[in-house]
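K.L.:
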Amino acid sequence: MFLKNSFFGALFCFLGLLLLSCDGSNKKFSEIDEGKNLVVILGSSSAFGIGPVNRNNSWAVLLGDEETIRIKNLSYPGYTTYDFLPSGKPNFRNLTPDKDKNIDAAIKLAPKIIIFSITTNDIGRGYSIEEYLSNMKILTDLCIDNNIEYIVTSTHPRNPMSLEKRMALYNLSRKLEEVYEDRYVEIYNPLGDLNTYKWKSDLCVSDSVHGNEKAHLIIYNQVLLGYHKAVARLSHEEE
21 MFLKNSFFGA LFCFLGLLLL SCDGSNKKFS EIDEGKNLVV ILGSSSAFGI GPVNRNNSWA
81 VLLGDEETIR IKNLSYPGYT TYDFLPSGKP NFRNLTPDKD KNIDAAIKLA PKIIIFSITT
141 NDIGRGYSIE EYLSNMKILT DLCIDNNIEY IVTSTHPRNP MSLEKRMALY NLSRKLEEVY
201 EDRYVEIYNP LGDLNTYKWK SDLCVSDSVH GNEKAHLIIY NQVLLGYHKA VARLSHEEE
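In this note's numbering, the protein residues as written are 21 to 259.
1) Can you tell which of His230, Ser174 and Glu206 has the C-alpha that lies nearest to the C-alpha of Leu153?
2) If Arg253 sits next to Glu169, beta carbons under 8 Å apart, how far is it from one beta carbon to the other, in whole angstroms?
3) Which of the three DSSP states is assigned to Lys128 in this structure?
4) Does the pairing of the region 229–246 with the region 152–166 give three or more beta-carbon distances under 8 Å?
5) Where are the alpha helix (DSSP H) runs, 4 residues long or more, that stay fully inside the region 55–116, in chain order?
6) The beta strand (DSSP E) with Ile133 in it runs from where to where?
7) Which of helix, strand or coil does DSSP assign to Asp213?
8) Mind checking who Lys218 pairs with in its DSSP beta bridge?
9) Write down the C-beta distance between Phe68 and Pro97 rounded to the nearest angstrom, noting that I regard them as a contact closer than 8 Å.
10) The alpha helix (DSSP H) spanning Thr160 covers which residue range?
11) Are the beta-carbon atoms of Glu77 and His236 separated by less than 8 Å?
12) Taking Cβ positions, are Ile123 and Leu192 nearer each other than 8 Å?
13) Among Val243, Glu201 and Lys220, which residue has its Cα nearest to the Cα of Asn179?
14) Using a 10 Å radius around the Cβ and a threshold of 16 neighbouring Cβ atoms, would you call Phe104 buried or exposed?
15) When DSSP labels each residue in this structure, what does Glu206 get in the three-state scheme?
Pasting the structure below:
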């Protein structure tokens, strides 16, 4: 009987220590995240991390390494602005948004900042600049309505396209710059050859669609500047 009681006593002690350990780790995790700004990224393949050999060198992961940032990345390869539109509402092409990754899903996470980086797929699929801008207005208006700061990156080059579409990517960036002003983040100009509207040869991978490690580092630095501006706006609003 003594042995039996000793066994169960030891077992309960072990379970108690395990629970304390788990509780401690959760507290530690909370302490690590305390004070960090939750940033949600809504984007396509570049934001998802395609390009670098090591995904840890992608711009979104590099951004998440910043001490003040906690990233939730809802990006997905091939996605367009339509995939991120709110659910249950009509849109120009009657496409169904991804309810697990769209603006509704992002808002539910209650982020401080949303980064939009939806770069080339709209133009690649033949959607117009006007469609992109209209969809982006819906997305950013929802940020405003929900008191969420946001930034919008430019497009980037994509070589396997007609000259007309390659120029449209550049022209779309200029329109985004005009509309979003201080919330706009320029990544096209440092990445693209403005004579051909293609990637600078040392910045793209073999598919000529995605940027390499060097390109992602450039994007990261540009987005980080935009993030700091967004944080400054948040601080100003809280004063």
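Note that CB positions come from ideal geometry on N, CA and C, so glycine has one too. Computed from a predicted model, the values in this text were never measured in an experiment.
P.N.:
On the basis of the supplied data:
1) Here residue 153 is taken as the residue at index 133 of the sequence shown, counted from 1. Nearest option by C-alpha distance: Ser174.
2) Taking the sequence shown and counting its residues from 1, the one referred to as residue 253 is at position 233. Taking the sequence shown and counting its residues from 1, the one referred to as residue 169 is at position 149. Confirmed, about 6 Å.
3) Indexing the sequence shown from 1 puts residue 128 at position 108. In the structure shown, Lys128 sits in a helix (DSSP, three-state: H, G or I).
4) no
5) 65–68 and 79–84
6) Within the sequence shown, the letter at position 113 stands for residue 133. Unbroken beta strand (DSSP E) run through Ile133: Ile133 to Ser137.
7) For the purposes of this step, residue 213 is taken as the residue at position 193 of the sequence shown. In the structure shown, Asp213 sits in a strand (DSSP, three-state: E or B).
8) Indexing the sequence shown from 1 puts residue 218 at position 198. In the DSSP output, where bridge partners are listed per residue, Lys218 has Asp213.
9) What you label residue 68 is simply residue 48 of the sequence shown in a count that begins at 1. What you label residue 97 is simply residue 77 of the sequence shown in a count that begins at 1. Sure, about 5 Å apart at Cβ, within 8 Å.
10) Within the sequence shown, the letter at position 140 stands for residue 160. It spans Ile149 to Asp165 - the alpha helix (DSSP H) in which Thr160 sits, taken as one unbroken run.
11) Along the sequence shown, one-based indexing puts residue 77 at 57. Along the sequence shown, one-based indexing puts residue 236 at 216. In the sequence under discussion, the amino acid at residue 77 is Asn, which differs from the Glu named in the question. Contact flag set, yes.
12) On the sequence shown, residue 123 is found 103 positions in, with the first residue counted as 1. On the sequence shown, residue 192 is found 172 positions in, with the first residue counted as 1. No, they are not a contact pair.
13) For the purposes of this step, residue 179 is taken as the residue at position 159 of the sequence shown. It is Lys220.
14) As a working note, residue 104 is residue 84 in the sequence shown. Per the 10 Å Cβ criterion, buried.
15) Residue mapping note: residue 206 aligns to position 186 of the sequence shown, counting from 1. Glu206 falls in the coil class under three-state DSSP.
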